[in-house]
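Colleague:
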Amino acid sequence: MEDCNVHSAASILASVKEQEARFERLTRALEQERRHVALQLERAQQPGMVSGGMGGGQPLPMAWQQLVLQEQSPGSQASLATMPEAPDVLEETVTVEEDPGTPTSHVSIVTSEDGTTRRTETKVTKTVKTVTTRTVRQVPLGPDGLPLLDGGPPLGPFADGALDRHFLLRGGGPAATLSRAYLSSGAGFPEGPEPRDSSSYGSLSRGLGVRPPRAGPLGPGPGDGCFTLPGHREAFSVGPEPGPPGGRSLPERFQAEPYGLEDDTRSLAADDEGGPELEPDYGTATRRRPECGRGLHTRAYEDAADDGGELTDQRPAFPAVTAPLAQPERGSLGSLDRLVRRSPSVDSARKEPRWRDPELPEVLAMLRHPVDPVKANAAAYLQHLCFENEGVKRRVRQLRGLPLLVALLDHPRAEVRRRACGALRNLSYGRDTDNKAAIRDCGGVPALVRLLRAARDNEVRELVTGTLWNLSSYEPLKMVIIDHGLQTLTHEVIVPHSGWEREPNEDSKPRDAEWTTVFKNTSGCLRNVSSDGAEARRRLRECEGLVDALLHALQSAVGRKDTDNKSVENCVCIMRNLSYHVHKEVPGADRYQEAEPGPLGSAVVSQRRRRDDASCFGGKKAKGGWGKKDGEMDRNFDTLDLPKRTEAAKGFELLYQPEVVRLYLSLLTESRNFNTLEAAAGALQNLSAGNWMWATYIRATVRKERGLPVLVELLQSETDKVVRAVAIALRNLSLDRRNKDLIGSYAMAELVRNVRNAQAPPRPGARLEEDTVVAVLNTIHEIVSDSLDNARSLLQARGVPALVALVASSQSVREAKAASHVLQTVWSYKELRGSLQKDGWTKARFQSAAATAKGPKGAPSPGGFDDSTLPLVDKSLEGEKTGSQDVIPMDALGPDGYSTVDRRERRPRGIGSAGEASEKEPLKLDPSRKAPPPGPSRPAVRLVDAVGDAKPQPVDSWV
Amino acid sequence: MSYIPGQPVTAVVQRVEIHKLRQGENLILGFSIGGGIDQDPSQNPFSEDKTDKVNGWDMTMVTHDQARKRLTKRSEEVVRLLVTRQSLQKAVQQSMLS
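First to last, the sequence lines map onto chains W and V.
Residues 231 to 1189 (the numbering used here) make up the first sequence, in order.
Residues 899 to 996 (the numbering used here) make up the second sequence, in order.
1) Relative to the C-alpha of K666 (chain W), which residue among W:V952, W:Y704, W:G1029, W:N1020 is closest?
2) When we look at the beta-carbon of D950 (chain V) and count the other beta-carbons within 10 Å, is it buried (16 or more) or exposed?
3) To the nearest angstrom, how far is it from the Cα of E692 (chain W) to the Cα of T720 (chain W)?
4) With a CB to CB cut of under 6 Å and the five nearest residues on each side skipped, what residues in its chain are close to G1056 (chain W)?
5) Chain W beta carbons: is any one of them nearer than 9 Å to that of A965 (chain V)?
6) Going by CA-CA distance only, name the one from W:T1002, W:S728, W:A959 that's closest to P939 (chain W).
7) To test your reading of the DSSP string, which unbroken alpha helix (DSSP H) runs of 4 or more residues are found completely within the region 740-825 of chain W?
8) Whose C-beta lies closer than 7 Å to the C-beta of L638 (chain W) among residues of the same chain, with five residues either side of it excluded?
9) Name, please, each residue of chain V whose Cβ falls closer than 8 Å to the Cβ of Q785 (chain W).
10) If we define contact as Cβ-Cβ less than 9 Å, is L925 (chain V) a contact residue for chain W?
11) So, are the CB atoms of Y810 (chain W) and W924 (chain W) less than 9 Å apart?
12) Can you find a CB in chain W that lies within less than 9 Å of the CB of L969 (chain V)?
13) Classify I724 (chain W) as helix, strand or coil using the three-state DSSP reduction.
14) If we count the other Cβ atoms within 10 Å of its Cβ and call it buried at 16 or more, is A989 (chain V) buried or exposed?
15) Against S901 (chain W), what residues of chain V qualify as contacts under a CB-to-CB distance less than 9 Å, listed in chain order?
16) Can at least three beta-carbon pairs, one atom from the region 1007-1027 of chain W and one from the region 963-972 of chain W, be found at a separation below 8 Å?
17) Give me, in chain order, the residues of the same chain whose beta-carbon lies closer than 6 Å to that of A913 (chain W); leave out the 5 immediate sequence neighbours on both sides.
18) Per DSSP, which one or two residues make a beta bridge with S1187 (chain W)?
19) Please classify V1072 (chain W) as buried or exposed, where buried requires at least 16 neighbouring CB atoms within 10 angstroms.
20) Following the continuous alpha helix (DSSP H) through K971 (chain V), name the residue where it begins and the one where it ends.
21) Please report how far the alpha carbon of E877 (chain W) lies from the alpha carbon of L981 (chain W), in whole angstroms.
22) Would you identify the three-state DSSP class for K918 (chain V), choosing helix, strand or coil?
23) Measuring only between beta-carbons, confirm whether P939 (chain W) sits less than 9 Å from chain V.
24) Within 10 angstroms of the Cβ of N953 (chain V), are there 16 or more other Cβ atoms? Answer buried if so, exposed if not.
25) What does the alpha-carbon distance come out to for the pair L980 (chain V) and F617 (chain W)?
26) For T746 (chain W), collect the residues of the same chain with a Cβ closer than 7 Å to its Cβ; drop the 5 residues on either side in sequence, then sort them by chain order.
27) Quick check for students: name the residue ranges of the alpha helix (DSSP H) that lie wholly in the region 943-1015 of chain W, counting only runs of 4 or more.
28) Just verifying my parser: in three-state terms, what is the DSSP assignment at W1057 (chain W)?
29) In the structure shown, what three-state DSSP assignment does V952 (chain V) receive?
30) Would N758 (chain W) pass as a contact of W699 (chain W) if the rule is Cβ separation under 9 Å?
31) With C-beta atoms as the reference, is A957 (chain W) less than 9 Å away from A909 (chain W)?
32) Within the chosen definition, does the region 760-774 of chain W reach the region 704-714 of chain W through at least 3 CB pairs nearer than 8 Å?
33) Check whether the region 933-949 of chain W touches the region 887-905 of chain W, taking contact to mean three or more Cβ pairs, one atom from each stretch, closer than 8 Å.
34) Cα separation between A919 (chain W) and V679 (chain W)?
35) Any C-beta of chain A within less than 7 Å: which residues of the region 763-796 of chain W qualify?
And the structure:
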């Protein structure tokens, strides 16, 4: 039996460009050949020309069509003997880059604070690279320019040629999907006359090296003579057919030869007598279907008992007209079809066997065909049919195709496994979750995981992980994937590709992560499953090496300044999800709970140590300023001692070690990927929430690592969700008293600017999402609560008019309510009332605003800041959630930005403006710059802790 | 800890891995180093830790500047150090004697 040998990966991946060039040359050569032959024919073969009006002398390219169609004319057969033999075998490797390729759904799932998940499906167009290898054989051409075949499929080679030309002419269209796994038409067909398991396959097996018994009437006999080239078999065995040069796959012809369906049709030729030549192919096929179907199915049913009957039963339900099956492709090739079929039909006059698409039940039946290449080809064809075609995907499921494909994942032949997996990848894609469920129901997940473990071939690994990624977007499958695949995905892909070494060798520098497609797919899959609630998080955290490897990969990304790619995004999202609720969920978390979760900052106070010299972070004491604060503030909050560890943290402990702050801050500084920014801010937000010791450390570490200015800077992001994540993170960070002062001083202007933008977007369509506005307002509320200085900052930033306007104008009850909470809080500072009244504000403005805003919601919480700040966000964003301060951001809303261009103009012009302008400077993360002198109106609070700029001494270098 | 240049040296070492912080264009570690074979040991402001290796590179025979460059290489986000210190050495010696 012919092998459907797979080329080695190396040859498949051979330089694309070169191959394309070669292919083009080949196409040209073929064309020339045809031209040549056409002329020959013109001279030699007048009797062959049947149909009137279309003389062989017609100018190209029409002439070729003519010639092609005449292929089987007696005349051409007669001239066989004289035809030139050109048994060259060219092997072509064509890489077809398809864009849009099979789109993969990326479902970003965010676990929100209340444990519910939000999922946002983002359709990301992936570039699917289909590498196909084909063997192009310059078959001996008959005088008519066609490969000489026996009664076989004259259309095959013709189609190839015509299509090639077609594409040359049209310059190629939008790429279609097809992995061209099928055997090449011309090359695949010819076979030595060895009738191995011939009888039962009937026509099916012909293209696969089994020659069916030829019934007398089947075809013009003399053709047999053409089959003898020894090269054919090699040529054939290489199998897959090329895409045409334009990157276009040719879907429609491929089935014909490998499956030999044309035999069936041919055998019907007599019935077809006088069949309307213009009749579309489907029509013909339909008419013939029962016949050929019988041939196929009888075989199929012999093989597999159970589903076969099903298939037959389904057949009637299957529309007789097969066109819908290949709709997209049909459209693009329609003109070609017409070219072929409308030509005055030499062929029909001579009862040319026609080619037709196999119908879906037939394709599925071929999945159980005993001949392996048939299986592989059927699966490949299925993949092609399913490309972006929900109807076909659904029908495959209804016809019970998924269990067949899943079963093939364990097939001994690599080619079969690969093709089956390719089909499953397309089938598992899309919003329709039924296919995902069906794949699960027939054991698809464990089978895929087994295949991943077994596969060394990179393409297969890409397919498997891509399929798992698709599956992972479906909630009920997440746990299944964790159960069956977490270990394998981690140890087969994540750890090795991350560059992390379990046993680092100190004599080598750390390895970098490799951003392979496999890694990207796998991290995407884990990203999705990591959102499946507490149990999923627990499993992932406790999966040995996973957190270590993800961290290492991210560190490597930062080190190489390669932080914008999808893999990084996936990794950060996993980290963010795993950081969610660490303070409640990790083993032994209660040991670290802080006694007094109550008043803000108290936890910090209880933790801090008095130590005035530079901390281990190299931060010098802040100069000046702090003395002006009240007594508590005067003390140094910087010198929080981190707990001493006896051994290095590993596994999930790494999630919340203060060291990760540096990583997230680097990402926030470096990345331009909004999802990555959002996730990194979300991770800090998660880590700084909660009342355990580690959150306290994290909050202090963010400050010491000069993270506050980084975050404040991101409040200017054009991307709504980044602003939101950052705002919420700042709120959590301000649970640290000193952070609160710093944020109040330096972030207020930006926060107020966002409030202002909420009402008057700087450009149309840039309005902030409601959630974002509410998040910003809650952050403002948080930082003005319990801090007179911060309330004063709000006034100086001209926040009051902005808030009042928002309350008055906002369409959103939540926004108005949040804004009025802030106003209430401001008014509660008696010290400020004087200046407020001087500005013309009255109590009514503050209270009534609050009252009206609260009106619909019922009684306002009296005195409300304490329970309005934190819970407000919780209530509004997270429903049931109560009490805890972490908020998971993550619903991936569209990037709806607002401009920050005019930010300077928008800076407050009030009393404090001069001061603010100069104070803005330290916000920049620039170690070399000293903080400017404090502005006149503000105490010199430095948002940046002093850098340990050690004096340059000869023997002492700051590294 | 004294030794003869060029001869193998035995020391009790501590392995340290540091992930650097990106600061503008630079990667910084967050501490100061002193010494170097071009420096006067008596002027050395630090005497506790000695760095023996950085990412596999021998640091026992480098100038101050070479050490600084090696530690702050921009292409390496992580450094792995082998450091030794007198007290560690003594502790080990004592435990072996007793």
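Ideal Cβ positions, reconstructed from N, Cα and C, are used throughout, including at glycine.
Modeller: On the basis of the coordinates in this document:
1) For the purposes of this step, residue 666 (chain W) is taken as the residue at position 436 of the first sequence. Measuring C-alpha to C-alpha distances from K666 (chain W) to each of W:V952, W:Y704, W:G1029, W:N1020 identifies W:Y704 as the nearest.
2) On the second sequence, residue 950 (chain V) is found 52 positions in, with the first residue counted as 1. With a 10 Å radius around the Cβ and a threshold of 16 neighbouring Cβ atoms, D950 (chain V) comes out buried.
3) As a working mapping, residue 692 (chain W) is identified with position 462 in the first sequence. As a working mapping, residue 720 (chain W) is identified with position 490 in the first sequence. Using only the alpha carbons, I get a separation of about 15 Å.
4) Here the question's residue 1056 (chain W) lines up with position 826 in the first sequence. The residue asked about is misnamed: residue 1056 (chain W) is Val in this sequence, not Gly. Cβ within range, chain order: A1021.
5) The residue labelled residue 965 (chain V) in the question sits at position 67 within the second sequence. Chain W places a beta carbon closer than 9 Å to that of A965 (chain V), counting this residue as a contact.
6) Numbered from its first residue, the first sequence carries residue 939 (chain W) at position 709. Among W:T1002, W:S728, W:A959, the Cα nearest to that of P939 (chain W) is on W:A959.
7) Here the runs fully enclosed are 747-759, 763-772, 776-789, 796-809, 812-815.
8) Translated into positions along the first sequence, residue 638 (chain W) becomes position 408. Excluding sequence neighbours, L638 (chain W) sits near L597, K605, A609, V646, R647, A650.
9) Taking the first residue of the first sequence as 1, we reach residue 785 (chain W) at position 555. H917, E975, V976, listed in chain order.
10) Start at 1 with the first residue of the second sequence, and residue 925 (chain V) comes out as number 27. At least one chain W Cβ lies under 9 Å of L925 (chain V).
11) Reading the first sequence from its first residue, position 580 is the one you call residue 810 (chain W). Reading the first sequence from its first residue, position 694 is the one you call residue 924 (chain W). In this structure, W924 (chain W) does not lie closer than 9 Å to Y810 (chain W) by Cβ.
12) For the purposes of this step, residue 969 (chain V) is identified with residue 71 of the second sequence, where counting begins at 1. Yes, contact with chain W.
13) Position 494 of the first sequence, counted from the first residue, corresponds to residue 724 (chain W). Looking at I724 (chain W) - three-state DSSP - the assignment turns out to be helix.
14) For the purposes of this step, residue 989 (chain V) is taken as residue 91 along the second sequence, with counting starting at 1. Exposed.
15) Numbered from 1 along the first sequence, position 671 holds the residue referred to as residue 901 (chain W). Going along chain V, no residue has its Cβ under 9 Å from S901 (chain W), so there is no contact; the nearest lies around 11 Å.
16) Flag = yes, the region 1007-1027 of chain W and the region 963-972 of chain W touch.
17) Position 683 of the first sequence holds residue 913 (chain W). The answer, listed in chain order, is M805, R806, S809, Y894.
18) The residue given as residue 1187 (chain W) occupies position 957 in the first sequence. Partner(s): V:I931.
19) Position 842 of the first sequence holds residue 1072 (chain W). Here the sequence assigns Thr to residue 1072 (chain W), which means Val is not the residue at that position. It counts as exposed.
20) Locating residue 971 (chain V) in the second sequence gives position 73, counting from the first residue. Unbroken run through K971 (chain V): none, as it is neither H nor E.
21) Indexing the first sequence from 1 puts residue 877 (chain W) at position 647. Indexing the first sequence from 1 puts residue 981 (chain W) at position 751. E877 (chain W) and L981 (chain W) have their C-alpha atoms some 42 Å from each other.
22) Position 20 of the second sequence, counting from 1, holds the residue named residue 918 (chain V). Of the three classes helix, strand and coil, the one that applies to K918 (chain V) here is coil, per DSSP.
23) Residue 939 (chain W) sits at position 709 when you count from the first residue of the first sequence. Interface annotation, P939 (chain W): not in contact with chain V, CB-CB separation never under 9 Å.
24) Numbered from 1 along the second sequence, position 55 holds the residue referred to as residue 953 (chain V). Taking every protein chain shown into account, the CB of N953 (chain V) has 16 or more other CB atoms within 10 angstroms, so this residue is buried.
25) Residue 980 (chain V) sits at position 82 when you count from the first residue of the second sequence. Residue 617 (chain W) sits at position 387 when you count from the first residue of the first sequence. Rounded to whole angstroms, the separation of the alpha carbons of F617 (chain W) and L980 (chain V) is 55 Å.
26) For the purposes of this step, residue 746 (chain W) is taken as residue 516 along the first sequence, with counting starting at 1. Taken in chain order, the residues that qualify are H727.
27) Segments of the alpha helix (DSSP H) lying fully in the region 943-1015 of chain W: 950-963, 967-976, 978-989, 1000-1014.
28) Numbered from 1 along the first sequence, position 827 holds the residue referred to as residue 1057 (chain W). The DSSP-derived three-state label of W1057 (chain W) is helix.
29) Numbered from 1 along the second sequence, position 54 holds the residue referred to as residue 952 (chain V). Under the three-state reduction of DSSP output, V952 (chain V) falls in the strand class.
30) Counted from its first residue, the first sequence places residue 758 (chain W) at position 528. Counted from its first residue, the first sequence places residue 699 (chain W) at position 469. Yes. Within cutoff.
31) Looking up residue 957 (chain W) in the first sequence gives position 727. Looking up residue 909 (chain W) in the first sequence gives position 679. Contact flag unset, no.
32) Yes, the region 760-774 of chain W touches the region 704-714 of chain W.
33) Yes, since at least three Cβ pairs between the region 933-949 of chain W and the region 887-905 of chain W fall closer than 8 Å, the two stretches touch.
34) Residue numbering aside, residue 919 (chain W) sits at position 689 when the first sequence is read from its first letter. Residue numbering aside, residue 679 (chain W) sits at position 449 when the first sequence is read from its first letter. A919 (chain W) and V679 (chain W) have their C-alpha atoms some 36 Å from each other.
35) The question asks about chain A, but that chain is absent: this structure's protein chains are W and V.
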